[in-house]
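Numbering (our numbering), first residue to last: 780 to 1092.
Working notes for the structure below.
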Amino acid sequence: MLLPLLLLTTKGCLDAPAGDDRRAGAATVLADLGPGSQRSGQRLPWPSEGQSSLVVEGTGHVGTTGGQRPVPIASLTKVMTATVLLRSHPIGAGEAGPSVTVDRRAEAEAGSSDESTAPVREGQRLPLRRMLELMLLPSANNVARLLARWDAGSQQAFVRKMNRVAKTLGMTRTTYTGASGFEPTTTSTADDQMKLARHAMRHPVLRAVVATRHTRVPGVPGTVRNTNRLLEQPGVVGLKTGSSTPAGGNLMWAAHVGPAKTSPLAIGVVLGQRAGTSPAQGLDAAFSHSEALLDALRERLPAALAGGGRARS
């Protein structure tokens, strides 16, 4: 009985389509880049602290580091806030969406010196698309909480929606306790945030907003600038920063691996960089580690795949 089995196995290998060979080759290449790789010359410069996760869309999961214990994520929370809002109030590319009126509380919170806010005024009306820009680019906490009240009547009711969506996305180690991320009790893992990041980058409006480096919002003084300075690099198309003393520096990012916009999209999450220091120090570390991962990935992945990274026997 062994001979027929051997022949069947051999025939299956010979008849395997080229796509299977490419997938096997890609899997081998990704394993060489991952944190557990024995090929130190190929292994990416993974952060030595906190957590990280990296995926190349269409190719596979590159790796995860850290214990994947839920930790504070700060303003990465706002990606889920935007996701929930766009599920409840769908808007298409080029659409402004429903109008949102600024309430007294949002204006009062704009004067806070303890958190990031946007200078909105009571009675001011802006379309949802513009409100998303104010929430996601300068990471305005007062706008996040305003949008939660506008959508669900209260922040508590909105948080319940956030946790329900997290469950549908398979984010089993995530707990949201606020819409802005200001609360250190909002916790997650790099792997869970990766699930959210991949989902977010499939939404055309959300993808467009997080790729915006700066804009002007009618009625809001000055230029609204994105806190994600990784966008200054060519090919980077998102995503979101998050930093606080308990959370350290956190960064969700998305970038094309090659020079063309059609090249594979890499999505990375880095959490807990220099936690316990200042938010600025933590965010600097998150940017530094993310840049190093992206630069090395761009250098090694195309070359390895072009070299025909075949599955090893």
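Every residue, glycine too, gets a C-beta built ideally from N, C-alpha and C.
Taking residue 860 as reference, the option from 887, 959, 1009 with the minimal CA-CA separation is 959. Here residue 982 has 862, 865 as same chain residues with Cβ atoms under 8 Å from its own Cβ, once five neighbours each way along the sequence are excluded. Of all alpha-carbon atoms in 912, 955, 1008, 940, the one lying nearest the alpha-carbon of residue 997 is that of 912. In the three-state scheme derived from DSSP, where H, G and I count as helix and E and B as strand, residue 1005 is classed as coil. Counting the other CB atoms within 10 Å of its CB gives residue 935 a total below 16, which places it among the exposed residues.
Per DSSP, the unbroken alpha helix (DSSP H) holding residue 857 starts and ends at 856–867. The shortest C-alpha to C-alpha distance from residue 931 to any of 879, 886, 951, 909 is the one to 879.
Between the region 825–843 and the region 955–972 there are three or more inter-stretch CB-CB distances shorter than 8 Å, so the stretches are counted as touching. As computed with DSSP, residue 1040 is found in no beta bridge at all.
The beta carbon of residue 889 is closer than 7 Å to those of 896, 897, 898, 899, 921 in its chain, skipping five residues each way along the sequence. Beta-bridge pairing by DSSP links residue 1019 to 1031. The residues 839, 841, in chain order, have a CB closer than 6 Å to that of residue 809 in the same chain once the five nearest residues on each side in sequence are set aside.
Remark: C-beta atoms of residue 1050 and residue 967 approach each other more closely than 9 Å.
Taking C-beta atoms as the reference points, residue 877 and residue 907 count as a pair closer than 9 Å. If you look at residue 907, you'll find it isn't in any beta strand (DSSP E); it sits in the alpha helix (DSSP H) that goes 907–915. A Cβ-Cβ separation of about 7 Å places residue 1028 in contact with residue 1063 under the 8 Å criterion. If you draw a 10 Å sphere on the C-beta of residue 867, you find fewer than 16 other C-beta atoms in it, and that means exposed.
Counting along the chain, the unbroken beta strand (DSSP E) around residue 843 starts and ends at 839–844. Setting aside the 5 residues that flank it on each side, residue 1073 is surrounded in the same chain by 1034, each with a C-beta closer than 6 Å to its C-beta; the list follows chain order.
In the pairwise beta carbon analysis, the region 847–860 is classified as touching the region 1017–1028: at least three pairs are separated by under 8 Å. Per DSSP, residue 948 lies in no beta strand (DSSP E) segment and is marked neither H nor E. With contacts defined as CB atoms closer than 9 Å, residue 858 and residue 1030 fail to qualify as a contacting pair. DSSP lists 833, 1032 as the bridge partner or partners of residue 1047.
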